[in-house]
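> Numbering (my numbering), first residue to last: 82 to 823.
We treat Cβ as the ideally placed atom computed from N, Cα and C, and that holds for glycine.
Values in this document were obtained by computation on a predicted structure and should not be read as measured data.
Below is a structure I'd like to ask you about.
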Ligand SMILES: Nc1nc2c(c(=O)[nH]1)N[C@H]1C(S)=C(S)[C@@H](COP(=O)(O)OP(=O)(O)OC[C@H]3O[C@@H](n4cnc5c(=O)[nH]c(N)nc54)[C@H](O)[C@@H]3O)O[C@H]1N2
Ligand SMILES: Nc1nc2c(c(=O)[nH]1)N[C@H]1C(S)=C(S)[C@@H](COP(=O)(O)OP(=O)(O)OC[C@H]3O[C@@H](n4cnc5c(=O)[nH]c(N)nc54)[C@H](O)[C@@H]3O)O[C@H]1N2
Ligand code: SF4
Ligand SMILES: [Mo]
């Protein structure tokens with residue numbers, strides 16, 4: 082990899098100097114991924130026009146080191162994919178059928194604006210809902226002109242909760258924001274806990290950092306019900322029951338107290354509420370946590386011993402463990418562990434989930450919430466899209482008990498940067514909602530996705546090679562510029578341009594709707610002190626933060642007062658805000674509601690806990706239509722423990738059905754050592770519907786229930802039953818009859 086990296090760096094210089102038909106353009110990977118890699122695209126001018134011919138990592142970027150992941154190595158296959166949407170299209174068949182006719186931009190914009198005006202006149206602007214997530218993570222193309230447009234319109238507001246909001250809320254109330262150590266300093270850690278994270282799939286640029294730490298003698302422990310590819314790098318692997326990590330963390334705290342492993346000086350100076358928590362930890366013994374987590378007492382003791390003995394520890398948590406009903410409390414408990422041992426004092430140590438708060442970007446300038454004026458449109462949680470589309474009053478933001486007739490239904494949905502037909506929970510409801518004849522659906526997409534197929538108006542979006550943007554990261558500390566490498570394909574436009582055009586059509590005459598992408602970049606970066614000129618020259622610029630970066634080594638300012646943006650200014654072990662949010666003033670453990678402990682009656686019907694984590698060769702549902710990546714991911718798969726498989730007559734390689742009250746899917750079973758805990762199923766995600774024999778992906782099973790904090794998604798809190806596919810038809814029918822009778 083190092084050779085390749087140097088090679089790419091040399092070429093940048095050589096070919097930039099050479100001029101002529103080949104050029105190298107520097108960019109940034111657009112995807113929702115920890116790494117936020119620097120890219121170099123080789124562009125050729127040919128008779129037929131300008132074409133990107135190669136994409137590789139940028140050797141000049143210290144964290145992403147000149148290599149890309151297995152997915153983005155195939156980015157050009159995405160850019161030039163036959164399923165790219167290249168022109169505005171109008172639906173010509175039934176909803177979802179995917180038959181369209183080409184129209185002009187003129188006609189597309191006019192159609193959207195006419196329908197929006199009509200809907201606003203009849204039902205008010207809240208009948209319109211934007212639905213977007215992080216299909217592109219650049220500050221401009223993810224959230225700028227689009228937000229201005231919908232603020233000015235007064236549309237319903239979307240709570241963007243599908244990924245990380247439970248953790249965000251937990252860290253906000255505990256630490257005042259999302260900060261962790263600098264990933265570049267990870268090799269300094271002597272103990273690394275990979276807690277619910279699979280870097281071999283989702284954070285490949287952490288692998289060399291872990292390897293370096295191991296060369297220097299670090300111990301690596303994995304804590305995940307799924308023994309994924311990163312397990313090869315671990316000295317110890319614990320497989321707790323999904324949703325039980327909060328209890329494991331409390332047991333570790335118990336061990337730290339019992340064994341005298343606390344950094345009392347750190348706790349004293351930097352935290353509030355320890356004296357309230359400490360006595361409560363007497364009961365959270367390893368023996369208490371063992372039946373909850375399904376771990377042996379000896380395993381918990383071993384983990385406690387390792388963590389207590391080595392304050393130079395990094396707890397690297399992933400987002401999977403907070404996609405549970407108790408996910409907020411879980412992250413709160415985990416994030417406090419380094420405050421007990423004082424790990425925050427050391428480079429590369431502490432708790433690392435996200436570094437988003439390190440970037441002082443001016444999002445208000447980009448998004449202009451002031452365009453709302455006095456209006457306070459209702460908020461709709463994106464996790465509940467299915468219910469919202471089907472008119473459920475609470476999902477539409479109304480107080481419990483409001484009659485349906487009193488609530489404005491959604492009459493238009495505008496989807497961009499997301500593929501809800503595949504990624505949103507409770508898929509049957511989402512698809513029924515998208516199929517509503519009276520719903521006006523606008524989709525802006527690169528690809529003919531399974532959401533796009535339902536569109537009334539489908540608009541072509543540019544890929545990252547065709548647009549300008551600036552990127553921060555939720556992992557490393559660099560700001561990076563993405564320069565367009567090729568002209569837009571067909572009639573595709575960047576999201577910023579799409580909403581500029583729509584605003585002009587709507588007659589919005591505020592100056593902010595005419596600002597260029599370069600102006601937006603300048604506004605966004607103003608507080609960082611990093612200029613567009615500097616980014617053009619240097620491409621990747623590290624934030625002006627000290628090295629080593631120790632965000633919580635000392636939480637008091639020079640005047641001795643707490644300096645964190647929490648009410649006390651310190652790390653809040655006891656939190657009034659947590660009490661108000663309903664999770665209690667102090668860290669605690671409540672079982673995941675959809676689990677054997679949380680709902681024993683449900684577990685009798687659906688005894689298996691299904692986890693659907695990120696697939697190595699896809700990025701959510703992106704890349705799942707790239708042939709070579711589909712082949713490498715093999716087929717929609719569910720990993721089953723041999724005991725569960727045998728009890729159901731399932732053999733390795735069988736087509737099986739999984740079902741619950743929400744839906745039913747078919748996948749191929751793997752019966753191997755990946756899940757060593759009976760009762761747990763793992764299905765790497767997300768495939769498109771068309772790749773599964775049943776025509777649905779795993780989200781037909783997941784629920785719209787929200788987490789304890791931040792309205793977060795609960796994808797991994799899903800109970801199901803499984804059987805070989807043919808037998809399952811009858812079993813599911815019995816289940817359905819049983820449910821009706823009961
Ligand atoms: N290849 C690839 N990379 C990706 C993505 C992708 O789809 N594919 N998605 C991107 C996105 S949007 C995100 S948010 C990140 C997510 O990155 P990660 O957080 O690494 O990935 P997740 O799939 O959310 O979950 C990680 C792990 O959590 C485990 N897990 C689930 N529930 C529990 C639990 O209760 N306890 C414990 N201890 N572990 C649990 C899962 O088994 C899984 O191994 O990755 C990004 N990168
Ligand atoms: N069962 C299960 N479901 C999950 C998860 C899970 O772990 N298990 N993970 C969840 C997580 S963490 C997340 S973040 C969500 C992600 O859900 P999404 O944000 O929907 O992610 P993608 O599937 O990557 O879809 C993004 C879409 O945006 C489009 N796009 C990309 N760039 C642009 C652009 O510039 N303009 C426009 N208009 N469109 C663009 C892409 O082509 C793609 O179709 O899924 C969630 N769903
Ligand atoms: S998806 Fe992640 S690892 Fe892959 S190139 Fe993009 S930022 Fe890098
Ligand atoms: Mo995500």
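Using a Cβ-based criterion (distance less than 7 Å to any ligand heavy atom), does residue 240 qualify as near ligand 4?
By one-based count along the chain shown, residue 240 stands at place 159. No.
> So what does DSSP say about residue 528, is it helix, strand or coil?
Position 447 of the chain shown holds residue 528. Reduced to three states, the DSSP call for residue 528 is strand.
> Could you tell me whether the Cβ atoms of residue 532 and residue 498 are closer together than 8 Å?
Within the chain shown, the letter at position 451 stands for residue 532. Within the chain shown, the letter at position 417 stands for residue 498. Contact: no.
> Going straight from the alpha carbon of residue 617 to that of residue 147, what length do you get?
Against the chain shown, residue 617 aligns to sequence position 536. Against the chain shown, residue 147 aligns to sequence position 66. Spanning the two alpha carbons is a distance of roughly 19 Å.
> Among all the DSSP beta bridges, which residues are the ones paired with residue 495?
Walking along the chain shown from the start, residue 495 turns up at place 414. Partner(s): 211 and 523.
> Looking at ligand 3, does it come within less than 7 Å of residue 152, judged from the CB to the closest heavy atom?
As a working mapping, residue 152 is identified with position 71 in the chain shown. Yes - ligand 3 has a heavy atom lying nearer than 7 Å to the Cβ of residue 152.
> Report the rounded CA-to-CA distance for residue 277 versus residue 538, giving the unit in angstroms.
Within the chain shown, residue 277 is the residue found at index 196, counting from 1. Within the chain shown, residue 538 is the residue found at index 457, counting from 1. Rounded to whole angstroms, residue 277 to residue 538 spans 40 Å at the Cα level.
> Could you check whether residue 542 and residue 573 sit closer than 8 Å to each other, using their CB atoms as the reference points?
Within the chain shown, the letter at position 492 stands for residue 573. Within the chain shown, the letter at position 461 stands for residue 542. Contact flag set, yes.
> As a quick exercise: from 175, 171 and 204, pick the residue whose alpha carbon is nearest that of residue 193.
By 1-based counting over the chain shown, the position of residue 193 is 112. Answer by Cα proximity: 171.
> By the DSSP assignment, the beta strand (DSSP E) with residue 432 in it spans what residues?
Residue mapping note: residue 432 aligns to position 351 of the chain shown, counting from 1. Residues 431-433.
> Is DSSP giving residue 509 helix, strand or coil here?
Residue 509 sits at position 428 when you count from the first residue of the chain shown. Correct three-state label for residue 509: helix.
> Short of 8 Å in beta carbon distance, which residues of its chain neighbour residue 767, apart from the five on each side in sequence? Order them along the chain.
Indexing the chain shown from 1 puts residue 767 at position 686. Within the same chain, residue 767 has close Cβ partners 503, 504, 693, 696, 699, 701, 702, 705, 778, 779 and 780.
> Starting from residue 232, trace the alpha helix (DSSP H) in both directions and tell me its first and last residue.
Stepping through the chain shown from its first residue, residue 232 is reached at position 151. Run containing residue 232: 226-234, per the alpha helix (DSSP H) assignment.
> Could you name each continuous alpha helix (DSSP H) segment of 4 residues or more that falls completely within the region 165-202, going from the start of the chain to the end?
none
> In whole angstroms, what is the alpha-carbon distance linking residue 87 and residue 142?
On the chain shown, residue 87 is found 6 positions in, with the first residue counted as 1. On the chain shown, residue 142 is found 61 positions in, with the first residue counted as 1. In this predicted model, residue 87 has a pLDDT of only 37, less than 50, meaning its place in the structure is not dependable enough to derive any value.
> Check whether the region 638-656 and the region 582-601 are in contact - that is, three or more C-beta pairs closer than 8 Å.
no
> Let's see if you can read the secondary structure: which residues bound the beta strand (DSSP E) around residue 443?
On the chain shown, residue 443 is found 362 positions in, with the first residue counted as 1. Looking at the DSSP string, residue 443 is not in any beta strand (DSSP E), and its letter there is neither H nor E.
> Go ahead and pull the three-state DSSP assignment for residue 112.
Start at 1 with the first residue of the chain shown, and residue 112 comes out as number 31. Coil, per DSSP.
> Have a look at 587, 116 and 106 and flag the residue whose alpha-carbon is nearest the alpha-carbon of residue 555.
Looking up residue 555 in the chain shown gives position 474. It is 116 whose Cα lies nearest to the Cα of residue 555.
> Could you tell me which residues DSSP pairs with residue 552 in its beta bridges?
The residue you call residue 552 lines up with position 471 of the chain shown. Paired residue(s): 561.
> Looking at the secondary structure, which residues open and close the beta strand (DSSP E) in which residue 318 lies?
Taking the first residue of the chain shown as position 1, residue 318 is located at position 237. That run of the beta strand (DSSP E) goes 317-319.
> Does the region 504-522 come into contact with the region 145-160, if we say contact requires no fewer than three beta-carbon pairs (one atom in each stretch) closer than 8 Å?
They do not touch, by the three-pair rule.
> Enumerate in chain order the residues of its own chain whose CB-to-CB distance from residue 99 is below 6 Å, with the five nearest sequence positions on each side excluded.
Taking the chain shown and counting its residues from 1, the one referred to as residue 99 is at position 18. The predicted model places residue 99 with a pLDDT of 46, which falls under 50 and marks its position as unreliable; any figure quoted below should be read in that light. Excluding residues within five positions, none has a Cβ falling inside 6 Å.
> From residue 683 to residue 784, what does the alpha carbon distance come to, in whole angstroms?
Along the chain shown, read from residue 1 onward, the residue named residue 683 stands at position 602. Along the chain shown, read from residue 1 onward, the residue named residue 784 stands at position 703. Their Cα atoms are separated by approximately 14 Å.
> Report yes if the C-beta distance between residue 743 and residue 507 is below 8 Å; otherwise report no.
Residue mapping note: residue 743 aligns to position 662 of the chain shown, counting from 1. Residue mapping note: residue 507 aligns to position 426 of the chain shown, counting from 1. For residue 743 and residue 507, yes; Cβs fall inside 8 Å.
> Quick check on the burial criterion: 16 or more other C-beta atoms within 10 angstroms. Buried or exposed for residue 131?
For the purposes of this step, residue 131 is taken as residue 50 along the chain shown, with counting starting at 1. Looking at its Cβ environment, which holds fewer than 16 other Cβ atoms inside 10 Å, residue 131 is exposed.
> Compute the minimum distance between the beta carbon of residue 113 and the heavy atoms of ligand 4, and state whether it is under 7 Å.
Numbered from its first residue, the chain shown carries residue 113 at position 32. Yes.
> How should residue 44 be labelled, buried or exposed, when 16 other C-beta atoms within 10 angstroms of its C-beta is the threshold for buried?
This structure leaves residue 44 out entirely; the chain is present only between 82 and 823.
> Looking at C-alpha atoms only, which residue of 442, 422, 200 and 509 is the closest neighbour of residue 466?
In the chain shown, the residue the question calls residue 466 occupies position 385. Here the closest residue by C-alpha is 509.
> With DSSP run on the structure shown, which of helix, strand or coil describes residue 463?
The residue you call residue 463 lines up with position 382 of the chain shown. Residue 463 falls in the helix class under three-state DSSP.
> Between the alpha carbons of residue 750 and residue 319, how many angstroms are there, rounded?
Taking the first residue of the chain shown as 1, we reach residue 750 at position 669. Taking the first residue of the chain shown as 1, we reach residue 319 at position 238. About 23 Å.
> Using DSSP with H/G/I as helix, E/B as strand and the rest coil, what is residue 800?
Taking the chain shown and counting its residues from 1, the one referred to as residue 800 is at position 719. The answer is strand: DSSP assigns residue 800 an E or B state.
> For residue 329, which residues does DSSP report across the bridge?
As a working note, residue 329 is residue 248 in the chain shown. DSSP output for residue 329 lists no bridge partner at all.
> Any heavy atom of ligand 2 within a distance shorter than 7 Å of the CB on residue 499?
On the chain shown, residue 499 is found 418 positions in, with the first residue counted as 1. Indeed, a heavy atom of ligand 2 lies less than 7 Å from the Cβ.
> Using the Cα positions of residue 425 and residue 351, report the straight-line distance between them to the nearest angstrom.
Within the chain shown, residue 425 is the residue found at index 344, counting from 1. Within the chain shown, residue 351 is the residue found at index 270, counting from 1. Computed Cα separation, rounded: 10 Å.
> If you follow the alpha helix (DSSP H) that residue 598 is part of, which residue opens it and which one closes it?
Within the chain shown, numbered from 1, the residue matching residue 598 stands at position 517. DSSP places residue 598 in the uninterrupted alpha helix (DSSP H) bounded by 598-606.
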